[in-house]
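Q: Residues -11 to 526 in the working numbering are what the sequence shown spells out, letter by letter. By construction, the Cβ of each residue, glycine as well, lies at the ideal position given by its N, Cα and C atoms. Keep in mind that this is a model prediction, so the values were computed, not measured.
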Amino acid sequence: MKRSHSPSEERESSPEVKKSKSEDLVDFFKLHYCVDIDEPVAESVIAGVGISKTTLKTDLFKGSFLTQNSQGVDVHDTDLTKRIPFDEFNHEPKRFQAFSERYPNGLTKQQDDLYQVVGRCMDLCHVGDSKFYMPILAFHSLNHILKTREIIIHNNNELEKAATNKTTTDELIESTRDQGLNRSKILFLSPMRKFAYEYVKNIMNLFFKKDQKQWVMSSKKFEEEFGDNGYVPGENKKEDFRELMSGNIDDCFRLGIQVAKKTLKLYQKFPEADILVCSPVGLRMIISEQEGKGERDFLSSIEIVIVDRADVIIMQNWEHLINILEALNSVPKVVQTDISRVRQWSIRNLGKIYRQTLIFSELNFTELHALYNDFSKNYAGGQSDIRLEYFMKNILGTLEHGTMIFVSSYFDFVRLRNSLKKEDESFVQLHEYAEPRKINRARDLFRLNRKKLIIMTERFHYFKRYTIKGVKSIVFYQLPLNPHFYPELINESSPDNQLESKVIFSKIDLFRLQNIFGTSQAKELIKSDKKLHVLMSE
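Given below as structure tokens:
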């Protein structure tokens, strides 16, 4: 059954954090992770039967979507029309107190809307502003780790008491299953160190009370490696580029955090860490199974995975992200935990359907939906073959000197480049892996009209933002993922002359069309039976 999100009445002020009686609190952690789903229902969920994607209808979540299950798994309330005050989610007490001290005015409207989903252990993909959610994600992560510990300590006491009184029973042992196969519970994936820094700093601020000394191991090393390094791009770059590329933008890192009783321990070995903070490329380097040296046991019991700034990750290496998500909750080679304490659903290898997946992106794109829908690699069918065939048969022969071919996907770029080489076409190429001297030479050859075509990838433009001189026409092999690149490239390429641009698109480009031309025109283009459309601008 699909459920739409009907927001409660609009509030002029943010919801206040209040105190509630413990008996009135809703413990979504226990209702979600401490319940064994029936085998038939689990099988249907794994098979994707009865799973629906619901688009949220609030102002905040416009363009966002979450997963709903219609197989009768009514272990806790996922009806978002029934709003629950933040203080009634039965948080770990000290974490709630620390949050209240840091944010005495309570949550903002955006944060409260977000926690209505996150706090119920539901999956979410949010498309939009990225500036408000980090405190909520840090709080949710810490709360999860400490709720887990709270249950483990309680069960340890029960087992010790029973052992002392010689009253241990099979029923008691079964009721104290409270752990996964390995220790790590949270995986935070982020494209740059500066974003990871913000997440970890929020973890620090919420682990300790506001007036309490922060006992953080290796904090100096963390500041040196993840803190602001003062880097600022040149003033000739666009404002959005300067904002994104300022600071510590390194994209290869891994950090294990162990949450001790009164201390946060950074730089812990992954098998001993509660929270893993990684970039996709940094984590992919150690889980790769090439030469049989890959290690991934520490990913076997991840219960919350957070993908931050997916719109930036796709400009790095999307395949790394897919490979990591596919590796989550696999059967480990070595089990760290006492098997008598491992939850039955973990033993049954059902971790994937218990895991909460939270994805955040500032842009909406087809690959994001494919990732969210069970991380399918084959979302597009044969569209790459069809696109290449169409270009070679219908577009290439019409191109004149001074044409730029803009290619969004590096995979498509490689295939197109190889096809042009077979045709002995006159062209140069600009891509993110090219050496600076080759980039300069390619730009000069094209500017001087010694080469007919220049192919440029979106990732190259994303990270370099060069103005390419000599462009008289542009072919968008696929529309850019970043919508502002479309007018930017057209306006910068030929400021003095009217420039012709051609766009190849198909149904999978709906989101890109919407982002650039608007929803109504995009739908009109997609639904039309015409093979050719002409759009004029003044």
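If you pair each beta-carbon of the region 454 to 474 with each one of the region 382 to 399, do three or more pairs fall below 8 Å?
A: With a cut-off of 8 Å, the region 382 to 399 and the region 454 to 474 count as touching, because enough Cβ pairs lie within range.
Q: Considering only residues of the same chain and omitting the five flanking positions on each side of Y474, which have a CB-CB separation below 8 Å?
A: Once the five neighbours on either side are set aside, the close Cβ partners of Y474 are F464, L467, P468 and I504.
Q: One question on the structure: do S396 and E446 come within less than 8 Å of each other, judged by their Cβ atoms?
A: yes
Q: Exposed or buried, what is H308 when buried is set at 16 or more other beta-carbons lying within 10 Å of its beta-carbon?
A: buried
Q: Can you give the Cα-Cα distance for L48 and A430, rounded to whole angstroms?
A: In this prediction, L48 scores a pLDDT of 47, lower than 50, which makes its location untrustworthy; the coordinate-derived value is nonetheless stated afterwards. So the two alpha carbons sit approximately 44 Å from each other.
Q: Taking 7 Å as the cut-off, is the CB of E446 close to at least one heavy atom of the ligand SAM?
A: In the structure on display, the ligand SAM does not appear, and there are no ligands present to speak of.
Q: Using the three-state DSSP reduction, which class does N366 fall into: helix, strand or coil?
A: Its pLDDT being 25, under 50, N366 is placed unreliably by the model, and the measurement read from it follows with that caveat. Note: N366 maps to coil in three-state DSSP.
Q: Compare the beta carbon distance of H128 and V106 with 8 Å and say whether it is the shorter of the two.
A: For the pair H128 and V106, the CB atoms are nearer than the 8 Å cut-off.
Q: Measuring straight from C-alpha to C-alpha, what distance separates I25 and L346?
A: Whole-angstrom Cα-Cα distance: 22 Å.
Q: Starting from T152, follow the alpha helix (DSSP H) in both directions and report where the run begins and ends.
A: T152 -> alpha helix (DSSP H) spans M122 to N153.
Q: In chain order, what residues of the same chain have a beta carbon less than 8 Å from the beta carbon of E260, not counting five sequence neighbours either side?
A: R171, G244 and Q246
Q: Going by alpha carbons, who is nearest to E148 out of R137, L134 and T164?
A: Cα-wise, what sits closest to E148 is T164.
Q: Would you mind sorting V265 into buried or exposed? The rule is 16 or more other CB atoms within 10 Å of its CB.
A: buried
Q: Leaving aside the five residues before and after A597 along the sequence, list all residues of the same chain whose C-beta is less than 7 Å from its C-beta, in chain order.
A: Outside the modelled stretch of the chain, which goes from -11 to 526, sits residue 597, for which no answer is possible.
Q: Taking only the alpha-carbon atoms, compute the straight-line gap between C113 and H20 and give it to the nearest angstrom.
A: 19 Å
Q: Which of the three DSSP states, helix, strand or coil, is assigned to G168?
A: coil
Q: The beta strand (DSSP E) spanning G244 covers which residue range?
A: Run containing G244: R242 to V247, per the beta strand (DSSP E) assignment.
Q: Measuring only the C-alpha atoms, how far is D373 from I301?
A: 24 Å
Q: Where does F348 land, buried or exposed, given buried means 16+ other C-beta within 10 angstroms?
A: buried
Q: What would DSSP say about S508, mapped onto helix, strand or coil?
A: helix
Q: Extract the residue ranges of the alpha helix (DSSP H) inside the region 198 to 234, only unbroken runs of 4 or more that lie entirely within it.
A: 207 to 214 and 227 to 233
Q: Name the residue from F16, D238 and I393 whose alpha carbon lies nearest to the alpha carbon of D67.
A: F16
Q: Could you check if I442 is buried or exposed, using at least 16 other CB atoms within 10 Å of its CB as the buried criterion?
A: buried
Q: Please report the distance separating the alpha-carbon of D412 from that of I492.
A: 23 Å
Q: Mind listing, in chain order, the continuous beta strand (DSSP E) runs of no fewer than 3 residues lying wholly within the region 384 to 431?
A: The qualifying runs are 391 to 395 and 415 to 418.
Q: Find out if the Cβ-Cβ distance for the pair F394, E420 is shorter than 8 Å.
A: no
Q: Apply the 10 Å Cβ neighbour rule to S414 and answer buried if 16 or more other Cβ atoms are within range, or exposed otherwise.
A: exposed
Q: What are the boundary residues of the beta strand (DSSP E) that L441 is part of?
A: L441 to T445 is the span of the beta strand (DSSP E), which, as asked, contains L441.
Q: Roughly how many angstroms lie between the CA atoms of V330 and L169, to the nearest whole one?
A: 6 Å
Q: Can you give the Cα-Cα distance for R453 and G222, rounded to whole angstroms?
A: 11 Å
Q: Please state whether DSSP places Q502 in a helix, a strand or coil.
A: Per DSSP, reduced to three states, the secondary structure at Q502 is helical.
Q: Spell out the partners DSSP gives V295 in its beta bridges.
A: L177 and I347
Q: On the three-pair Cβ rule with 8 Å, is the region 305 to 319 touching the region 193 to 206?
A: Verdict: no, contact absent.
Q: Would E526 be called buried (16 or more neighbouring beta carbons within 10 Å of its own) or exposed?
A: Legend: pLDDT at E526 = 49, less than 50; position of this residue unreliable, value from coordinates given subsequently. With fewer than 16 other Cβ atoms within 10 Å, it is exposed.
Q: What residue ranges within the region 448 to 481 form continuous beta strand (DSSP E) runs of no fewer than 3 residues, ordered along the chain?
A: 461 to 464
Q: I'd like to know whether the C-beta atoms of D239 and M180 end up nearer to each other than 8 Å.
A: yes
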